[in-house]
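Below: the structure, in structure tokens.
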Amino acid sequence: MNLKKVPNPLQSAKDKAEEVAGQLSEEVTEISNAAQEQLDAVLDEYQKVLPIAESLGLRVGSFEVEMGILPQIKTSLVGSLENINNDAVKALIEKHQKNKLLVLIFKALLITKDMQKRLNITNLKGIVVDIRLGVPPKVSVHLAS
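Heads up: the sequence shown begins at 759 in our numbering, then just goes up one per residue.
Below, the structure written as structure tokens:
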């Protein structure tokens, strides 16, 4: 038996692992590129939200960038619940229906304001809209003192 012709199982495993790692790297790059394109689109929407939010008395309270395979940005809008006019917000939602992020943020504002009123939570008059700009975007709203 010629030992030189017997395949080395360790080398075969190493070669296969390198091949799989290369394929994974390519797929991660593709996913990351697609996510970056979607993040760019969400950022464009957010940029359009800011002046409209400012017209309602909301301002940027925080801004944080997280890097990873799927990058994301965490930001918040803060303001006073008393300054949020339901009719004005509904009109803005109607006017900017194509901006999904704006619609998501402003609907969350209206729901939170309605809950505050229904539950008679009068001691919390501040509002914080936490926004995760990622794939997909996410919004949460909480009341503050």
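Cβ atoms here follow ideal geometry from the backbone N, Cα and C, with glycine treated the same way. Just so it is clear, the structure is predicted and the values come from calculations on it, not from any experiment.
Next item on the list: In the DSSP assignment, find the unbroken beta strand (DSSP E) run with Thr880 in it and report its ends.
Entry: Residue 880 sits at position 122 when you count from the first residue of the sequence shown. Per DSSP, Thr880 lies in no beta strand (DSSP E) and is assigned neither H nor E.
Checklist line | Alpha-carbon to alpha-carbon, Glu795 and Leu867 | finding: Within the sequence shown, residue 867 is the residue found at index 109, counting from 1. Within the sequence shown, residue 795 is the residue found at index 37, counting from 1. So the two alpha carbons sit approximately 27 Å from each other.
Note to self: Check whether the stretch 842-855 and the stretch 817-833 are in contact - that is, three or more C-beta pairs closer than 8 Å.
What the structure shows: No: the two stretches stay apart, fewer than three of their Cβ pairs being nearer than 8 Å.
Margin query: Whether or not the stretch 800-815 and the stretch 870-882 are in contact is what I'm after, with contact meaning three or more pairs of Cβ atoms, one per stretch, closer than 8 Å; do they touch?
Written below: Not touching, per the Cβ criterion.
Notebook entry, point to check: Which class does Leu835 belong to by DSSP, given the choice of helix, strand or coil?
Noted result: Along the sequence shown, read from residue 1 onward, the residue named residue 835 stands at position 77. Reduced to three states, the DSSP call for Leu835 is strand.
Item checked: DSSP state of Gln905 mapped onto helix, strand, coil -> It is not possible to answer for residue 905, since the shown part of the chain is limited to 759 through 903.
Notebook entry, point to check: Could you give the distance in angstroms between the alpha-carbon of Thr833 and the alpha-carbon of Ser820?
Noted result: Walking along the sequence shown from the start, residue 833 turns up at place 75. Walking along the sequence shown from the start, residue 820 turns up at place 62. Straight-line Cα distance between these residues: approximately 5 Å.
Notebook entry, point to check: Three-state secondary structure (DSSP) at Ser740?
Noted result: Residue coverage of the chain in this structure runs from 759 to 903, which leaves residue 740 outside it and unanswerable.
Margin query: Let me check understanding here. Comparing Cα to Cα, which of Leu808, Lys871 and Asp773 lies closest to Asn843?
Written below: The residue given as residue 843 occupies position 85 in the sequence shown. Of Leu808, Lys871 and Asp773, the residue nearest in Cα terms is Lys871.
Next item on the list: Tell me where the alpha helix (DSSP H) around Glu852 begins and ends.
Entry: Counting from one through the sequence shown, the residue named residue 852 turns up at place 94. Judged by DSSP secondary structure, Glu852 falls within the alpha helix (DSSP H) whose first and last residues are Asn844 to Lys853.
Next item on the list: Could you round the C-beta distance between Ile810 and Leu860 to whole angstroms and report it? I think they count as a contact, below 8 Å.
Entry: Residue numbering aside, residue 810 sits at position 52 when the sequence shown is read from its first letter. Residue numbering aside, residue 860 sits at position 102 when the sequence shown is read from its first letter. Contact between Ile810 and Leu860 holds, since their C-beta atoms are separated by about 7 Å, short of 8 Å.
Checklist line | As assigned by DSSP and simplified to three states, the class of Val886 | finding: Here residue 886 is taken as the residue at index 128 of the sequence shown, counted from 1. Collapsing the DSSP output to three states places Val886 in a strand.
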